[in-house]
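Peer 1:
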Amino acid sequence: MSSNLVSDPPVIAVIGGGPAGLMAAERLAQAGLSVALFDAMPSVGRKFLLAGIGGMNITHSEAADAFVERYREAAPWVDQWLQQLNSTDLREWIHGLGIATFVGSSGRVFPTDMKAAPLLRAWLKRLRKTGVTLHTRHRWLGWDTQQQLLFATPDGPKHVQASAVVLALGGGSWARLGSDGAWQPWLQERGVAIRKLLPANCGFNLDWSPHLRQHFAGQPLKQVIARLHLSDGQTLERRGECVITLEGIEGSLIYALSAPLRDLITAQGHADLQLDLAPDRTQQQLASSLALPRNGKSLSAILRKSAGLDSLKRALVHECLSTAQRADPLQLAAGIKALPLRLTGTRPLDEAISSAGGVMREALDVQLMLKQLPGVFCAGEMLDWEAPTGGYLLTACFASGLVAANGVLDWLNNQELPE
Ligand SMILES: Cc1cc2nc3c(=O)[nH]c(=O)nc-3n(C[C@H](O)[C@H](O)[C@H](O)COP(=O)(O)OP(=O)(O)OC[C@H]3O[C@@H](n4cnc5c(N)ncnc54)[C@H](O)[C@@H]3O)c2cc1C
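Under our numbering, the letters of the sequence shown match residues 1382 to 1800, in that order.
1. DSSP puts M1750 in a beta bridge; with which residues?
2. Take A1410 as the anchor and find which of L1505, T1511, L1531, S1681 has the nearest alpha-carbon.
3. Assess contact between the region 1483-1492 and the region 1783-1792, defined as three or more Cβ pairs (one per stretch) separated by less than 8 Å. Is contact present?
4. Counting beta carbon pairs with one atom in the region 1389-1407 and one in the region 1762-1780, are three or more of them shorter than 8 Å?
5. Express the C-alpha separation of L1515 and L1414 in angstroms, rounding to a whole number.
6. Is it right to say I1434 is buried, meaning 16 or more other beta carbons lie within 10 angstroms of its own, or is it exposed?
7. Taking the DSSP output, what are the residues bridged to L1550?
8. Given the structure, does H1519 come close to ligand 1, in the sense that its CB is under 7 Å from one of the ligand's heavy atoms?
9. So, are the CB atoms of S1442 and T1517 less than 8 Å apart?
10. From the DSSP output, which residues share a beta bridge with Q1604?
11. Taking C-beta to C-beta, are S1468 and V1490 nearer than 8 Å?
12. Does the structure place the region 1636-1652 close enough to the region 1582-1596 that three or more beta carbon pairs sit under 8 Å?
13. Compare the C-alpha of L1478 against each of W1458, K1506, R1520 and name the closest.
14. By the three-class DSSP mapping on this structure, what secondary structure does T1776 have?
15. Smallest Cα separation from L1690: which of L1720, L1617, W1555?
16. For L1548 versus G1397, is the C-beta spacing smaller than 8 Å?
17. When every heavy atom of ligand 1 is checked, does at least one fall within less than 7 Å of the C-beta of V1546?
18. Could you give the residue range of the beta strand (DSSP E) that holds V1573?
19. Identify the residues that DSSP records as bridge partners of H1610: which are they?
20. Check whether the region 1664-1674 touches the region 1692-1699, taking contact to mean three or more Cβ pairs, one atom from each stretch, closer than 8 Å.
21. Using C-beta distances below 7 Å, list every residue in its chain close to T1440, excluding the 5 sequence neighbours before and after it, in chain order.
22. Which word fits L1466, buried or exposed, when buried means at least 16 other C-beta atoms lie within 10 angstroms of its C-beta?
23. If the criterion is Cβ atoms closer than 8 Å, does the pair V1573 and V1740 meet it?
24. What is the C-beta distance between K1718 and Q1666, in whole angstroms, given that I count them as a contact (C-beta under 8 Å)?
25. Quick check on this structure: which residue in L1617, L1602, D1661, R1619 has the alpha carbon closest to the alpha carbon of G1629?
26. So within the region 1460-1525, which uninterrupted beta strand (DSSP E) runs reach at least 3 residues, ignoring any that extend past its ends?
27. Quick one: Cα of A1481 to Cα of L1500, how far?
28. For N1795, which residues from the same chain have a beta carbon less than 8 Å from its beta carbon, with the 5 sequence-adjacent residues on both sides left out?
29. Is any non-hydrogen atom of ligand 1 found closer than 7 Å to the C-beta of T1511, if you look at the structure I gave you?
30. Which partner residues does Q1649 have in the DSSP bridge list?
31. Secondary structure at G1782, three-state DSSP: helix, strand or coil?
32. Measure from the alpha carbon of S1612 to the alpha carbon of each residue in A1652, W1589, I1625, then state which is nearest.
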């Protein structure tokens, strides 16, 4: 079966119904264009909804300079998008959907009820009112021999001709929610430069003993400082919480350092992370209290009473420090302040919160149109940038969706200029 979508005003195809694609669709429809949004899944916004399960952190309230630095090497690029939609604009946009927001103690911004579902419901209602047509269960498969968009649908293949296309296909994590990265070869075949998708905001492998795995996997490690020494002499330090897993370690503290950790592992096969298990005590204080006579008490009891370590932290001391280190108060104190953990690999991309890599900046013009494919724009996590959690991911997805849509509008206007 074949069906063509050609009309006046022209049909714009937005492929991918995550935050980036929906934002692009909204802007285009509000500009009076006829917008058809396609998604492979039975419903749109599945990853967005999942992001809302643990508390939807939609953006961050920190100052613009600090905000943009979170995008590391891609900061100058993302900055261009934030010129069109920054965190303040995004909050106003959310309020426009009838959803209130608040700033948490860490500066992170959340919808008042912390959920994504009411926001998505209100947004989809407004999109439908604006005339966006949603075509779910439409899996884009690239282009057919006539250069039309080719979709697999429950009714068979569908061929769609569009005046412009916005691809917002997501990265490569949590493939069961729709973003499976299958688009990469279709763009590469057409000369689009793509950096390999890699896990970002991900967990890491660590070779725990069977004892630690059996008794502590799944337990949170609270109030620690993680330190990472980089090859250029810089030391990165973050305070927070993480979780011990069967395979290693994950959680917000680890995600915050995941990009440099991943890069170190790529470069040298491992990354050495240090954990300060007692961040509110100095090494000197610890050493003094650990040197006091034990009066027959076990090391475990001493670590609990004198160093304030809970059972997981005590188990880590046993796991990561040698017998000789544990026997000497000075070495023990030093070990508690800088517990060595050797990370040997990232967890698989599919488990990650987000992905690094994707369509490279040099493949796109400033309006996010593919240089090799005029009229085809890209937005969202499928682009080659990464950021830590904290609302930075969604902000860049929304903003790039808007940039791509504005790019479509400019491009169409230029197409219509008289010869
Ligand atoms: C557990 C979890 C928690 C998160 N929490 C947060 C958070 O609190 N704050 C934050 O900022 N970010 C968070 N994120 C990240 C955030 O959800 C993503 O960065 C964001 O959803 C990416 O948006 P996107 O529109 O680029 O892609 P996606 O949301 O992945 O959407 C892509 C869409 O494209 C569709 N698609 C893919 N391929 C095809 C195809 N071939 N044909 C048709 N359709 C296709 C998919 O079905 C999907 O609907 C979280 C992610 C996860 C996994």
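The beta carbon of each residue, even a glycine, is placed where N, CA and C say it ideally should be.
Predicted, not measured: the structure shown is a model, and the values here were computed from it.
Peer 2: Inspection of the coordinates gives the following:
1. As a working mapping, residue 1750 is identified with position 369 in the sequence shown. F1758, per the DSSP bridge assignment.
2. Locating residue 1410 in the sequence shown gives position 29, counting from the first residue. When only C-alpha atoms are compared, the closest one is T1511.
3. Touching, no, given that fewer than three Cβ pairs across the two stretches are closer than 8 Å.
4. With a cut-off of 8 Å, the region 1389-1407 and the region 1762-1780 count as touching, because enough Cβ pairs lie within range.
5. Taking the sequence shown and counting its residues from 1, the one referred to as residue 1414 is at position 33. Taking the sequence shown and counting its residues from 1, the one referred to as residue 1515 is at position 134. In a straight line, the C-alpha of L1414 is about 14 Å away from that of L1515.
6. Position 53 of the sequence shown, counted from the first residue, corresponds to residue 1434. I1434 should be labelled exposed.
7. As a working mapping, residue 1550 is identified with position 169 in the sequence shown. None, per the DSSP bridge assignment.
8. Taking the first residue of the sequence shown as position 1, residue 1519 is located at position 138. Yes, Cβ of H1519 sits closer than 7 Å to a heavy atom of ligand 1.
9. Sequence index remark: in the sequence shown, residue 1442 carries index 61 (1-based). Sequence index remark: in the sequence shown, residue 1517 carries index 136 (1-based). Not in contact: S1442 and T1517 (Cβ atoms no closer than 8 Å).
10. Position 223 of the sequence shown, counted from the start, is the residue given in the question as residue 1604. The partner list for Q1604 (beta bridge, DSSP) is empty, contrary to what the question assumes.
11. Within the sequence shown, residue 1468 is the residue found at index 87, counting from 1. Within the sequence shown, residue 1490 is the residue found at index 109, counting from 1. In contact: S1468 and V1490 (Cβ atoms closer than 8 Å).
12. yes
13. Translated into the one-based positions of the sequence shown, residue 1478 becomes position 97. L1478 has its Cα closest to that of K1506, out of W1458, K1506, R1520.
14. One-based indexing of the sequence shown puts residue 1776 at position 395. Looking at T1776 - three-state DSSP - the assignment turns out to be helix.
15. In the sequence shown, counting from the first residue as 1, residue 1690 sits at position 309. With distances taken between Cα atoms, L1690 lies closest to L1720.
16. By 1-based counting over the sequence shown, the position of residue 1548 is 167. By 1-based counting over the sequence shown, the position of residue 1397 is 16. Their beta carbons are under 8 Å apart, which means L1548 touches G1397 by this criterion.
17. Here residue 1546 refers to the residue found at position 165 when the sequence shown is read from its first residue. Not under cutoff, so the answer is no.
18. Taking the first residue of the sequence shown as position 1, residue 1573 is located at position 192. Neither: V1573 is in no beta strand (DSSP E) and is coded neither H nor E.
19. Within the sequence shown, numbered from 1, the residue matching residue 1610 stands at position 229. DSSP, once it has assigned bridges, lists T1616 as partnering H1610.
20. no
21. Taking the first residue of the sequence shown as position 1, residue 1440 is located at position 59. Within the same chain, T1440 has close Cβ partners S1468, L1471, R1472, V1490, G1772, L1775, T1776.
22. Counted from its first residue, the sequence shown places residue 1466 at position 85. Answer is buried; the Cβ neighbour count reaches 16.
23. As a first step, residue 1573 is located in the sequence shown; it is residue number 192 there, counting from the start. As a first step, residue 1740 is located in the sequence shown; it is residue number 359 there, counting from the start. Yes. Within cutoff.
24. For the purposes of this step, residue 1718 is identified with residue 337 of the sequence shown, where counting begins at 1. For the purposes of this step, residue 1666 is identified with residue 285 of the sequence shown, where counting begins at 1. Not quite, the Cβ-Cβ distance comes to about 10 Å (not below 8 Å), so this is no contact.
25. Taking the sequence shown and counting its residues from 1, one reaches residue 1629 at position 248. It is L1602 whose Cα lies nearest to the Cα of G1629.
26. 1482-1484, 1489-1492, 1514-1516, 1520-1524
27. In the sequence shown, residue 1481 corresponds to position 100, counting from 1. In the sequence shown, residue 1500 corresponds to position 119, counting from 1. Here the C-alpha atom of A1481 lies approximately 10 Å from the C-alpha atom of L1500.
28. Locating residue 1795 in the sequence shown gives position 414, counting from the first residue. Excluding positions up to five away in sequence, the list is empty.
29. Start at 1 with the first residue of the sequence shown, and residue 1511 comes out as number 130. Not under cutoff, so the answer is no.
30. Counting from 1 along the sequence shown, the entry for residue 1649 is found at position 268. DSSP lists no partner for Q1649.
31. Taking the first residue of the sequence shown as position 1, residue 1782 is located at position 401. In this structure, G1782 counts as helix in the three-state DSSP scheme.
32. Position 231 of the sequence shown, counted from the first residue, corresponds to residue 1612. Looking at the Cα atoms, A1652 is the closest of the given residues.
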